[in-house]
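So the sequence lines, in the order shown, correspond to chains A and B. Quick note, the numbering used here runs 6 ahead of the 1-based positions in the first sequence. Quick note, the numbering used here runs 6 ahead of the 1-based positions in the second sequence.
There are 2 protein chains.
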Amino acid sequence: MPGWLQQIKWDDKGLVPAITQDAKSGKVLMMAWMNAEALQLTLDNQRAVYWSRSRQKLWFKGEESGHVQKLVEIRVDCDADVILLQVEQIGGIACHTGRRRCFYRLLKDGQWYEDEQVIKNPAEIYQ
Amino acid sequence: MPGWLQQIKWDDKGLVPAITQDAKSGKVLMMAWMNAEALQLTLDNQRAVYWSRSRQKLWFKGEESGHVQKLVEIRVDCDADVILLQVEQIGGIACHTGRRRCFYRLLKDGQWYEDEQVIKNPAEIYQ
């Protein structure tokens, strides 16, 4: 494993959180998880590759939807246990619900309010 | 526990990741962890309160440094297992290293490069 990957403090499951931000708008699109292989593949393929905890396999973001995240830069935090990606979000949709980003619910008056439109019906995205 | 807190999917340790973003610059400042009490206290006190996993106690961000994070908004993601805060970062320093943000290392040519200045010496911050 190359030195830059060794310097990351993987958790007891070999994972770290990866925050993904739209390089142009600055919007935080999503957070997912990466193992060392996913992060290496992200660099090699210049697109975001995560580790799906629910499916227990590598997740090439956009493999079904086409909503690939082209890599702009990779950062790590002071404790070396969180990754921050800047990406170009192809299709302008990061969320599986068809919204621009996963953080479409805002806390207001003690309730979660959806304040982002569905850009594309998920049934059309995942055919 | 109020309904909005019950809707969050806490992990097996009762925690969720909380991403904190500067409301003005859009920079992602840090990621830490919250339990239900920390999130409720964040709302009640209108400032970021985390759960310190290393110290196993509530962490009122800025309690020692003065670098309080004033709450602007709280969001949750599609899976209800990640929180996104927008904050006003008092003092302009989020990181314990004295930098604006924790993500001060950029991957370049297979190495991590520090590309953010230390604004204030940590020895002066934590006296």
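The beta-carbon is built from N, C-alpha and C at its ideal position, and this holds for glycine as well. Computed from a predicted model, the values in this text were never measured in an experiment.
Of all the residues that make up the region 93–111 of chain A, which are near chain B by a beta-carbon distance shorter than 9 Å?
-> Under the 9 Å Cβ criterion, the region 93–111 of chain A contributes C101, H102, T103, R105, R107, C108, F109, Y110 and R111.
Cβ pair count under 8 Å reaching 3, the region 120–127 of chain B against the region 52–64 of chain B = no
For I132/A, count neighbouring C-beta atoms within 10 Å of its own C-beta (all shown protein chains included) and say buried if the count is 16 or more, exposed if not.
-> The residue labelled residue 132/A in the question sits at position 126 within the first sequence. Per the sequence presented here, residue 132/A reads as Tyr, with Ile not at that position. Classification for Y132/A: exposed.
Any 3 or more C-beta pairs closer than 8 Å across the region 25–32 of chain B and the region 44–51 of chain B = no
Specify the secondary structure class of L21/A as computed by DSSP and reduced to three states.
-> Within the first sequence, the letter at position 15 stands for residue 21/A. Coil at L21/A, not helix or strand.
Find the nearest neighbour of V82/A within the set L112/A, T26/A, A100/A and K67/A, judged by alpha-carbon distance.
-> If you number the first sequence from 1, residue 82/A lands on position 76. Nearest of L112/A, T26/A, A100/A and K67/A to V82/A, Cα basis: T26/A.
Chain-ordered neighbours of M5/A on chain B, where CB pairs are closer than 9 Å = Residue 5/A lies beyond the range of chain A shown here (7 to 133); nothing can be said about it.
Could you name the residues of chain A that G116/B contacts, counting a contact when the two beta carbons are closer than 8 Å?
-> What you label residue 116/B is simply residue 110 of the second sequence in a count that begins at 1. P8, G9 and W10, listed in chain order.
What residues from the region 61–89 of chain A come within 7 Å of chain B, judged by C-beta to C-beta, listed N to C?
-> Within the region 61–89 of chain A, the residues whose Cβ lies closer than 7 Å to some Cβ of chain B are E79, I80, R81, V82, D83, C84 and V88, listed in chain order.
Following the continuous alpha helix (DSSP H) through Q95/B, name the residue where it begins and the one where it ends.
-> On the second sequence, residue 95/B is found 89 positions in, with the first residue counted as 1. Counting along the chain, Q95/B falls outside any alpha helix (DSSP H), though it belongs to the beta strand (DSSP E) covering I89 to Q95.
Would you decide whether P23/A is buried or exposed? Buried here means 16 or more other CB atoms lie within 10 Å of its CB.
-> By one-based count along the first sequence, residue 23/A stands at place 17. Buried.
L112/B vs W57/B beta-carbon contact at 9 Å | The residue labelled residue 112/B in the question sits at position 106 within the second sequence. The residue labelled residue 57/B in the question sits at position 51 within the second sequence. No, Cβ-Cβ distance for L112/B and W57/B is not below 9 Å.
Alpha helix (DSSP H) containing W10/B: first to last residue?
-> Within the second sequence, the letter at position 4 stands for residue 10/B. Residues G9 to Q12.
Sorted by chain position, which residues of the same chain lie with C-beta nearer than 7 Å to D121/B's C-beta, five sequence neighbours on each side aside?
-> Along the second sequence, read from residue 1 onward, the residue named residue 121/B stands at position 115. Only Y110 and L112 meet the Cβ criterion.
Name the chain A residues that come within less than 8 Å of V34/B, Cβ to Cβ?
-> Counted from its first residue, the second sequence places residue 34/B at position 28. Under the 8 Å cutoff, chain A gives I25, Q27, V34 and L90.
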